[in-house]
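Structure record follows, encoded as structure tokens.
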Amino acid sequence: MNKIVSKEHFSANVVKLEVEAPLIARSRKPGHFVIVKVGEKGERIPLTIAGADTKKGTITLVIQAVGASSRKICELNVGDYITDLVGPLGQATHIEKVGTVVCAGGGVGVAPLLPIVEGFHKAGNRVIVVLAARTKDLIILEEQMRANSDEVIIMTDDGSYGKKGLVTEGVEDVIKREKVDLCVTIGPAIMMKFVAALTKKYEIPTVASLNTIMVDGTGMCGACRITVGGKTRFVCVDGPEFDAHQVDFDELLMRLSAYK
Amino acid sequence: MSRRIDMTEQEQLITTRRAEPWREELRKRMKNKERTDIPRVKMPELAPEYRSHTRLEEVNLGLSPEQARREAQRCLDCPKPTCMQGCPVGIHIPTFIKNIERGEFLEAARVLKETSALPAVCGRVCPQEKQCESQCIHLKMGKEAVAIGYLERFAADYERESGQISVPQVAPANGIKVAVVGSGPAGLSFAGEMAKRGYDVTVFEALHEIGGVLKYGIPEFRLPNRIVDVEIDGLRRMGVHFITNCIVGKTLSYDDLHDDGFRGIFVASGAGLPNFMGIPGENLVGVMSSNEYLTRVNLMDAANPESDTPVQQGKRVAVIGGGNTAMDSVRTAKRLGAERAMIIYRRSEEEMPARLEEVKHAKEEGVEFLTLHNPIEYLGDERGRVRQMRLQKMQLGEPDASGRRRPIPIEGAIETVEVDEVIVSVGVSPNPLIPRAFSGLEISKKGTIVVDEASRRSALPDVYAGGDIVRGGATVILAMGDGKSAAAGMDEALRDN
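Protein sequence lines, in the order shown, are assigned to chains A and B. First residue of the first sequence? That's 308 in this note's numbering, and the numbers climb one at a time after it. First residue of the second sequence? That's 521 in this note's numbering, and the numbers climb one at a time after it.
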């Protein structure tokens, strides 16, 4: 049982929760995720950790209400408990000084991108963040991103904020104007597929953090399996980050629709 | 005379117990001939047609007190009970059986608990025909073995239902903290043994429920979760602490455990990763591991409309493999409404590793057996859902390294079968979490933790290991035996310090 100590609405469907989890707060690193279950008959779903406060013993989760289980989590309030929370899971992001890093985030993928942006910035990289959303209201964590990077580029589908266009256009503008050594992308699978296609064209190494269907999250069930470079890999224990140019995104998209 | 002096403690106990007056008197009551002439009891079970549609009801119903006492009479109370050598945890088999014969059922249960942390579980899922019962004297006389497993289950169930559950005697607390990684059969058995010796035991479990494979793997119709819970409750009453949602190696490191004062760690993290065959189409939607399928149904209760977890409920379900997990999966599929539930196995039925009882039950419930068939490809529709499988027909050749006849493809003999769900049950590999997180362990090529055969001690002096993380895929009772020997090994090491 993990208590919710603060709640903030980023938009109608996106909430940020701070949850008591002192052991996870202490051991988690950028890139790690947790499995969350709400209620006795709840579903176990993976959520990437968006931050932690070791002094308060809390971790931050950002959740978008897309299905029954994520809605249940979004409906929890301060003082409520998450029935089951386990982690940190997966492999941490490999952070080192590489030069210039473009971090491209879409939707709630922006939340787990924040600790990665912080990590690369602290490691002495030039970090350029591209945030994308359908419309202005759905852009999240802009301020925190600005505080931890060299530049933030905002892209909206409807042009209501920043530049009008897709995340890929924002990334390509950067690539055209300066040398980029690494790209990190987190967002909807379809978005990451197009970011990967773009950076492949320019031969820029790219890492994508994948969010698949999982049950246990520890390697036991294999529900999260994907194909990377022709080989089957488990997102929960081998990932969640992979070489985006090797990921079979079409298969990933197909597998994500298993219960739709 | 010399043999008397060499007698082990165990042998002495057997002899002393056998010499008790009530037992001598009981032996005299019937002639051996009368005892061996009694036919072996038949386990009462639910009718196949009924049970193949009921998801939660146990197939085996258990013996009545009359049936149990009658079956107990068959046991000859041998002076050298060979059955005990067939038991990985060394249950005092004749002692518990003779207590059943004289009607002291609670005493029978108490005897079981001296050596087994989970008698109600073992009485249901142990392959007795390969263990204790395979050593029964009756077999040497051309008769059927005493139904030791059924009797074990009877005594454990009787005690639970009586409400007079005994708690094994626990030695005075010695204040030494030991940690257990994983709450499956190996971990629970170790925890019980160490609690009896007075240790302060904490079990860390990654999932949200205690019980490991007993909960997520074995279905309700073979082992109801409430029965596992009663056994776990017994351990709690012995002072064992349980912490769920905690992954040693992730949530807590090896160093964290030391900082928290744990002086010994028993790793029983199980066989984590499901194997796949690496054939085309295996990642189509509708193809899944038996671990995923059974976890959804058993642990997450996915077939219950009140559960948030979904599970596919196919109409034409193929289960690949011939082990107990494959049988559990295919029988579950039948219960969830499959019109065709098929076992696809590349060898013949004779080589199947599953227990005979499971195969028999599956057949009675209408499961089809496509033996000497091996899947080579799955084909899907435009949405990526599995629709067909291509099966290569096989024939048996010369015996291979496992001693079983090797399956060889028959050239050109390929057939296509319609399916909408495929459950791959071709074994598991050890969970890599602990091997990755604890530096200093010796890890085999297969990914298992290497331990000393007797003490179960690993290359890290304070770390012991047992169950599937060492064996790579075995049975509940072998895991329990490991827990027991690891407890003896760790106890000896900690006491000497």
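Glycine included, each C-beta is placed from N, C-alpha and C at the ideal position. Here the structure is a predicted model, which is why all the values come from computation and not from measurement.
Can you find a CB in chain B that lies within less than 7 Å of the CB of residue i?
{"i": "A551 of chain A", "result": "no"}
{"i": "G349 of chain A", "result": "yes"}
{"i": "P395 of chain A", "result": "yes"}
{"i": "E327 of chain A", "result": "no"}
{"i": "T365 of chain A", "result": "no"}
{"i": "T525 of chain A", "result": "yes"}
{"i": "T361 of chain A", "result": "no"}
In chain A, what lies closer than 7 Å to residue i by C-beta?
{"i": "E812 of chain B", "result": "V522, C528, G529 and A530"}
{"i": "S809 of chain B", "result": "C528 and G529"}
Just how far apart, CA to CA, sit residue i and residue j?
{"i": "E577 of chain B", "j": "C410 of chain A", "result": "53 Å"}
{"i": "T525 of chain A", "j": "T463 of chain A", "result": "36 Å"}
{"i": "T574 of chain B", "j": "E681 of chain B", "result": "23 Å"}
{"i": "I525 of chain B", "j": "K1004 of chain B", "result": "Only weak support exists for where I525 of chain B lies, its pLDDT of 45 falling under 50; the coordinates are left without a value."}
{"i": "Q371 of chain A", "j": "A418 of chain A", "result": "11 Å"}
{"i": "I997 of chain B", "j": "Q651 of chain B", "result": "10 Å"}
{"i": "K880 of chain B", "j": "T891 of chain B", "result": "15 Å"}
{"i": "E871 of chain B", "j": "G993 of chain B", "result": "17 Å"}
{"i": "E449 of chain A", "j": "L383 of chain A", "result": "25 Å"}
{"i": "E713 of chain B", "j": "A1006 of chain B", "result": "9 Å"}
{"i": "S975 of chain B", "j": "G1009 of chain B", "result": "4 Å"}
{"i": "N694 of chain B", "j": "D779 of chain B", "result": "19 Å"}
{"i": "I752 of chain B", "j": "T390 of chain A", "result": "21 Å"}
{"i": "L911 of chain B", "j": "K966 of chain B", "result": "28 Å"}
{"i": "P601 of chain B", "j": "C656 of chain B", "result": "8 Å"}
Starting from residue i and walking both ways along the beta strand (DSSP E), at which residues does that stretch end?
{"i": "Q398 of chain A", "result": "Premise fails: Q398 of chain A is in no beta strand (DSSP E) and is neither H nor E."}
{"i": "S686 of chain B", "result": "Unbroken run through S686 of chain B: none, as it is neither H nor E."}
{"i": "Y1020 of chain B", "result": "Residue 1020 of chain B lies beyond the residue range present for chain B, which begins at 521 and ends at 1017; the question has no answer from this structure."}
{"i": "M862 of chain B", "result": "R860 to Y865"}
{"i": "K379 of chain A", "result": "It is not in any beta strand (DSSP E) - K379 of chain A instead sits in the alpha helix (DSSP H) that spans A375 to C381."}
{"i": "F762 of chain B", "result": "H761 to I763"}
{"i": "Y774 of chain B", "result": "It is not in any beta strand (DSSP E) - Y774 of chain B instead sits in the alpha helix (DSSP H) that spans Y774 to D779."}
Report whether the distance from the Cβ of residue i to the nearest heavy atom of the ligand MN is below 6 Å.
{"i": "V723 of chain B", "result": "As far as ligands go, the structure on display features none, and thus does not contain the ligand MN."}
Quick check on the burial criterion: 16 or more other C-beta atoms within 10 angstroms. Buried or exposed for residue i?
{"i": "N951 of chain B", "result": "buried"}
{"i": "A567 of chain B", "result": "exposed"}
{"i": "L581 of chain B", "result": "exposed"}
{"i": "K422 of chain A", "result": "It should be noted that the sequence gives Pro, not Lys, for residue 422 of chain A. Label assigned to P422 of chain A: buried."}
{"i": "S564 of chain A", "result": "exposed"}
{"i": "Y509 of chain A", "result": "exposed"}
{"i": "M521 of chain A", "result": "buried"}
{"i": "T995 of chain B", "result": "buried"}
{"i": "G842 of chain B", "result": "buried"}
{"i": "A375 of chain A", "result": "exposed"}
{"i": "L396 of chain A", "result": "buried"}
{"i": "Q468 of chain B", "result": "What the structure shows of chain B is the stretch from 521 to 1017, and residue 468 of chain B is not part of that stretch, so it cannot be assessed."}
{"i": "D523 of chain A", "result": "buried"}
{"i": "R717 of chain B", "result": "buried"}
{"i": "P739 of chain B", "result": "buried"}
{"i": "K551 of chain B", "result": "exposed"}
{"i": "D1002 of chain B", "result": "buried"}
{"i": "N309 of chain A", "result": "buried"}
Run down chain B in chain order and give the residues with a C-beta less than 8 Å from the C-beta of residue i.
{"i": "S376 of chain A", "result": "D828"}
{"i": "D391 of chain A", "result": "H728, T764 and N765"}
{"i": "E558 of chain A", "result": "N803 and G904"}
The alpha helix (DSSP H) spanning residue i covers which residue range?
{"i": "G917 of chain B", "result": "No alpha helix (DSSP H) holds G917 of chain B; the beta strand (DSSP E) holding it covers V906 to P919."}
{"i": "M563 of chain B", "result": "Here M563 of chain B belongs to no alpha helix (DSSP H), and DSSP marks it neither H nor E."}
{"i": "C410 of chain A", "result": "First-last for C410 of chain A: T407 to G413, but that is the beta strand (DSSP E), not the alpha helix (DSSP H)."}
{"i": "D464 of chain A", "result": "Counting along the chain, D464 of chain A falls outside any alpha helix (DSSP H), and DSSP gives it neither H nor E."}
{"i": "R547 of chain B", "result": "P541 to R549"}
{"i": "A503 of chain A", "result": "A496 to K508"}
Could you check whether the Cβ of residue i sits closer than 7 Å to any Cβ belonging to chain A?
{"i": "K965 of chain B", "result": "no"}
{"i": "L793 of chain B", "result": "yes"}
{"i": "T815 of chain B", "result": "yes"}
{"i": "R523 of chain B", "result": "The pLDDT assigned to R523 of chain B is 39, lower than 50, so where the model puts this residue is not dependable, and the model offers no usable value."}
Could you tell me which chain A residues have their CB closer than 8 Å to the CB of residue i, listed as they occur along the chain?
{"i": "V805 of chain B", "result": "M561, R562, S564 and A565"}
{"i": "F796 of chain B", "result": "G529, R532 and T539"}
{"i": "M1031 of chain B", "result": "The structure shown does not extend to residue 1031 of chain B, since chain B is modelled only from 521 to 1017, so the question has no answer here."}
Which residues in chain B sit within 7 Å of residue i, going by Cβ to Cβ distance?
{"i": "L330 of chain A", "result": "T771 and L772"}
{"i": "S516 of chain A", "result": "Within 7 Å Cβ-Cβ: nothing; S516 of chain A doesn't reach chain B, min ~18 Å."}
{"i": "K344 of chain A", "result": "H728"}
{"i": "V544 of chain A", "result": "P952"}
What does residue i reach in chain B if we use C-beta pairs closer than 9 Å?
{"i": "S334 of chain A", "result": "K770, T771, L772, S773 and D776"}
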